[in-house]
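**Q**
So, in structure tokens, the structure goes:
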């Protein structure tokens, strides 16, 4: 659960400075004492358009975080849902517990309020919290962002105790997942003028996924279909992509918009067979993605279109085209799990402590 126990752990060990929050809000914090490097930018359409400038601003608050990393954290925690509430009481997009929120609450939009349910305040406060943790563990050797993420998950005391990322399976998995997601949220570097275009061979996974999808051509569409025998082997759009990639050992989430971040995002001109192509009702919000297909080349995809149709080839060039994702095994593994009620089931901050460790 996000932003839950590590704050308490830091306070208990006397690690959080009393005046820190005020300092970082003024933008003067730098754990290393050196100027910040240029931060990577968010890739287009990876976060709702209204939140893009917020993540870009607050994700540059200290050297240990970045806009893509901050976005990856909050996506992992709530799926960018400002009204998210966990069964244990964590609240808002950043999933602060009520007891932790007052210590890091920040007025992100300048309206004079610090509201855990306000997206701007939640994004700003999450950045403030991250940078507080970064200061707590600034003397620990190793990769600073990895140490920060480990402190976020297991608490700063665990990082100090082990002089780096602790040997907890959950914490190590959390660090890897957030860094993978952050890479998927990062805008690609612009190629130099005249630089050669680098092409990549079709991966075995992409080939296998296409092969599976081709075996279903002509099968009638079924809303919610997973291709079971009881369903007559029928699929809906995301059920087909789940089954196609499962056939090559990659587990995708069941819902199309959750599949969007299963790998790096690909420009239309760089598409290659096996990429997932997405369609949305709101071109500024990935949460509105409502259709997905598997690109096969030549401007076509295999997809399960809608009730009354069959699985078939369709052109991807249409008004609702949103973008594409090149699925990777690590990208798929990094995605948060969505519960039956639609809420993200996240193992976030403070949950990574080894139960054997007292």
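Residue numbers (my numbering): -1 to 356.
Just so you know, even glycine gets a beta-carbon here, dropped at the ideal spot from N, CA and C.
The model shown is predicted, which means the values in this text are computed figures rather than measured ones.
What whole-angstrom Cβ distance do residue 284 and residue 43 have, given they're in contact under 8 Å?
**A** As a working mapping, residue 284 is identified with position 286 in the chain shown. As a working mapping, residue 43 is identified with position 45 in the chain shown. Sure, about 6 Å apart at Cβ, within 8 Å.
**Q** Return the first residue and the last residue of the beta strand (DSSP E) that residue 107 is part of.
**A** For the purposes of this step, residue 107 is taken as residue 109 along the chain shown, with counting starting at 1. Taken as a continuous stretch (DSSP letters only), residue 107 belongs to no beta strand (DSSP E), as it is neither H nor E.
**Q** Let's test the definition: count the other Cβ atoms within 10 Å of the Cβ of residue 27 and tell me whether it reaches 16, buried, or not, exposed.
**A** To locate residue 27, count along the chain shown from 1; it is residue 29. Unreliable placement is indicated for residue 27, whose pLDDT of 37 sits below 50; the coordinate value is still reported in the next sentence. Answer is buried; the Cβ neighbour count reaches 16.
**Q** Whole angstroms is fine: what's the gap from residue 140's alpha carbon to residue 161's?
**A** Here residue 140 is taken as the residue at index 142 of the chain shown, counted from 1. Here residue 161 is taken as the residue at index 163 of the chain shown, counted from 1. Cα-Cα distance, rounded: 9 Å.
**Q** Counting only runs of 4+ residues fully inside the region 221 to 265, write out the alpha helix (DSSP H) ranges in chain order.
**A** Whole alpha helix (DSSP H) segments, 4+ residues: 235 to 244 and 254 to 257.
**Q** So, helix, strand or coil for residue 333, using DSSP?
**A** Here the question's residue 333 lines up with position 335 in the chain shown. Here residue 333 sits in coil by DSSP.
**Q** For residue 18, I'd like the list of residues in its chain whose CB is within less than 7 Å of its CB, leaving aside the five on either flank, ordered along the chain.
**A** For the purposes of this step, residue 18 is taken as the residue at position 20 of the chain shown. Summary for residue 18: the model assigns pLDDT 31, below 50, so the residue's position carries little reliability; its value from the coordinates is reported in the next sentence. The residues are 130 and 133.
**Q** Are residue 41 and residue 304 closer than 8 Å when you measure CB to CB?
**A** As a first step, residue 41 is located in the chain shown; it is residue number 43 there, counting from the start. As a first step, residue 304 is located in the chain shown; it is residue number 306 there, counting from the start. Cβ distance not < 8 Å, so residue 41 and residue 304 don't count as in contact.
**Q** Under the rule that 16 or more other beta-carbon atoms within 10 Å means buried, what is residue 315, buried or exposed?
**A** Locating residue 315 in the chain shown gives position 317, counting from the first residue. Exposed, since its Cβ has fewer than 16 Cβ neighbours within 10 Å.
**Q** Return the bridge partner residues of residue 80 from the DSSP annotation.
**A** As a first step, residue 80 must be located in the chain shown, where it is residue number 82. In DSSP, residue 80 forms no bridge with anything.
**Q** Are at least three pairs of beta-carbons, each pair with one atom in the region 173 to 180 and one in the region 58 to 71, less than 8 Å apart?
**A** A contact exists between the region 173 to 180 and the region 58 to 71.
**Q** List the endpoints of the continuous alpha helix (DSSP H) containing residue 142.
**A** Numbered from its first residue, the chain shown carries residue 142 at position 144. Residues 142 to 152.
**Q** For residue 212, tell me which candidate among 238, 222 and 227 has the shortest Cα-Cα distance.
**A** Along the chain shown, one-based indexing puts residue 212 at 214. Answer by Cα proximity: 238.
**Q** Just to confirm, are residue 322 and residue 298 a CB contact at a threshold of 8 Å?
**A** Mapped onto the chain shown, residue 322 falls at position 324. Mapped onto the chain shown, residue 298 falls at position 300. Not in contact: residue 322 and residue 298 (Cβ atoms no closer than 8 Å).
**Q** Hey, quick one: how far does the beta strand (DSSP E) through residue 288 stretch, first residue to last?
**A** On the chain shown, position 290 is the one that residue 288 refers to. Counting along the chain, the beta strand (DSSP E) containing residue 288 begins and ends at 287 to 295.
**Q** Quick check: what's the CA-CA separation for residue 246 versus residue 300?
**A** Counting from one through the chain shown, the residue named residue 246 turns up at place 248. Counting from one through the chain shown, the residue named residue 300 turns up at place 302. Computed Cα separation, rounded: 17 Å.
**Q** How is the alpha helix (DSSP H) around residue 204 delimited, first residue to last?
**A** Residue numbering aside, residue 204 sits at position 206 when the chain shown is read from its first letter. Residues 202 to 213.
**Q** Residue ranges of each beta strand (DSSP E) run of no fewer than 3 residues wholly in the region 303 to 327, ordered along the chain?
**A** Listed in chain order, they are 310 to 313 and 319 to 323.
**Q** Measuring only the C-alpha atoms, how far is residue 306 from residue 79?
**A** For the purposes of this step, residue 306 is identified with residue 308 of the chain shown, where counting begins at 1. For the purposes of this step, residue 79 is identified with residue 81 of the chain shown, where counting begins at 1. Answer to the nearest angstrom: the Cα atoms are 33 Å apart.
**Q** Quick one: using the 10 Å Cβ neighbour count with 16 as the cut-off for buried, is residue 266 buried or exposed?
**A** For the purposes of this step, residue 266 is taken as residue 268 along the chain shown, with counting starting at 1. Exposed.
**Q** For residue 249, count neighbouring C-beta atoms within 10 Å of its own C-beta (all shown protein chains included) and say buried if the count is 16 or more, exposed if not.
**A** Residue numbering aside, residue 249 sits at position 251 when the chain shown is read from its first letter. Exposed, by the Cβ-count rule.
**Q** Write down the C-beta distance between residue 66 and residue 184 rounded to the nearest angstrom, noting that I regard them as a contact closer than 8 Å.
**A** Numbered from 1 along the chain shown, position 68 holds the residue referred to as residue 66. Numbered from 1 along the chain shown, position 186 holds the residue referred to as residue 184. Contact holds; Cβ gap of about 4 Å.
**Q** Taking the alpha-carbon of residue 187 as reference, which of 159, 337, 39 and 221 has the nearest alpha-carbon?
**A** The sequence position of residue 187 within the chain shown is 189, counting from 1. Answer by Cα proximity: 39.
**Q** To the nearest angstrom, how far is it from the Cα of residue 33 to the Cα of residue 59?
**A** As a working note, residue 33 is residue 35 in the chain shown. As a working note, residue 59 is residue 61 in the chain shown. Bear in mind that the predicted position of residue 33 carries a pLDDT of just 38, short of 50, making it unreliable; the figure below should be weighed with that in mind. C-alpha separation (whole angstroms): 11 Å.
**Q** If you draw a straight line from the alpha carbon of residue 48 to that of residue 55, how long is it in whole angstroms?
**A** Translated into the one-based positions of the chain shown, residue 48 becomes position 50. Translated into the one-based positions of the chain shown, residue 55 becomes position 57. Their Cα atoms are separated by approximately 13 Å.
**Q** Look up residue 21 in the DSSP assignment and say whether it is helix, strand or coil.
**A** Taking the chain shown and counting its residues from 1, one reaches residue 21 at position 23. Confidence at residue 21 is low in this model, with a pLDDT of 33, below 50, so its placement is unreliable and no value can be given for it.
**Q** Assign residue 299 to one of three DSSP states: helix, strand, or coil.
**A** Numbered from 1 along the chain shown, position 301 holds the residue referred to as residue 299. DSSP places residue 299 in strand when its eight states are reduced to three.
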